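**Q**
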Amino acid sequence: MAYSAHSTIPLIYRLFFLYIEPISAIVGAFYAGIKPAEYLTYLASSQAVEKLAQTPSTPTLISLYQLSNLYLLFALNEHFVLSSTASLRTWRWLLFCLLIADFGHLATMIPLGQEKGLAHVFLYFWRWNAMEWGSVGFVYAGAMMRSSFLCGIGLVATKEGVKED
Numbered sequence: 005m006a007y008s009a010h011s012t013i014p015l016i017y018r019l020f021f022l023y024i025e026p027i028s029a030i031v032g033a034f035y036a037g038i039k040p041a042e043y044l045t046y047l048a049s050s051q052a053v054e055k056l057a058q059t060p061s062t063p064t065l066i067s068l069y070q071l072s073n074l075y076l077l078f079a080l081n082e083h084f085v086l087s088s089t090a091s092l093r094t095w096r097w098l099l100f101c102l103l104i105a106d107f108g109h110l111a112t113m114i115p116l117g118q119e120k121g122l123a124h125v126f127l128y129f130w131r132w133n134a135m136e137w138g139s140v141g142f143v144y145a146g147a148m149m150r151s152s153f154l155c156g157i158g159l160v161a162t163k164e165g166v167k168e169d
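Going by the working numbering, the sequence shown wraps up at 169, each residue one higher than the last.
1. Just the Cα atoms here: how many angstroms apart are L74 and G158?
2. Looking only at C-alpha atoms, which of H83, F21, A57 and Y35 sits nearest to T45?
3. With H, G and I counted as helix, E and B as strand and the rest as coil, what does DSSP make of P63?
4. For a quick check, are the C-beta atoms of A105 and A33 less than 8 Å apart?
5. Return the CA-CA distance between F153 and I13, expressed in angstroms with no decimal places.
6. Pull up the CB-CB distance for L47 and L116, whole angstroms please, since I reckon it's below 8 Å.
7. Do the stretch 86-96 and the stretch 124-139 touch if we need at least three Cβ pairs shorter than 8 Å?
8. What's the C-alpha gap between L102 and G37?
9. Give the single residue among H124, M113 and E82 whose Cα lies nearest to the Cα of Y17.
10. Taking 8 Å as the limit between beta carbons, can you name the residues of its chain near F100, skipping five residues before and five after?
11. Once you ignore the five residues that flank V85 on each side, which residues in its own chain have a CB closer than 8 Å to its CB?
12. Going by beta-carbon coordinates alone, are V143 and L110 separated by less than 8 Å?
13. Can you list, in chain order, the residues of its chain with a C-beta nearer than 6 Å to that of V125? Leave out the 5 residues immediately preceding and following it.
14. Who are the Cβ neighbours of E42 in its own chain at under 8 Å, not counting the five residues just before and after it?
15. Report buried or exposed for S50, applying the criterion of at least 16 other Cβ atoms within 10 angstroms of its Cβ.
16. Taking the beta carbon of P146 as the centre, do at least 16 other beta carbons fall within 10 Å, making it buried, or is it exposed?
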């Protein structure tokens, strides 16, 4: 689709939702699917768990490969659906669904919060490791971007409200 078709979508949203976030999801897919032991090690909260992560069981590997596949689906879906349209309605619905998924993704971190403390996992960003930055911090950023878009922040307004299609 030509650049002019996306002129109603502000650049910051296009950059984040069409490129930054899909690339981040592909990185997650790479680690979960190609380097599962490394992926699990990043999730480990103790040395004992870290040792177990080095030799993942078959069910764990299957789960990680499925997760990798879903990260890839997320990246492709977000990039190709949103890049194929300037329809604010389509953008809103897809971003609304992804916002719900953000809350689900954050909920998956609750077991780590039960081990380390919920505040450590969800609030103390200065203590986060790379996985916590990706699984919590980046999800916070995505949720804030989606919420901003859904609230119409930065979108072109008309007399009737936000410019639709």
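All residues carry an ideal CB built from backbone N, CA and C; glycine is no exception.
Predicted, not measured: the structure shown is a model, and the values here were computed from it.
**A** So, to answer that:
1. 30 Å
2. A57
3. helix
4. no
5. 9 Å
6. 7 Å
7. no
8. 22 Å
9. E82
10. R150 and L154
11. T94 and L98
12. yes
13. M113, L116 and G117
14. Y35
15. exposed
16. This sequence places Gly at residue 146; Pro is not what is there. Answer is buried; the Cβ neighbour count reaches 16.
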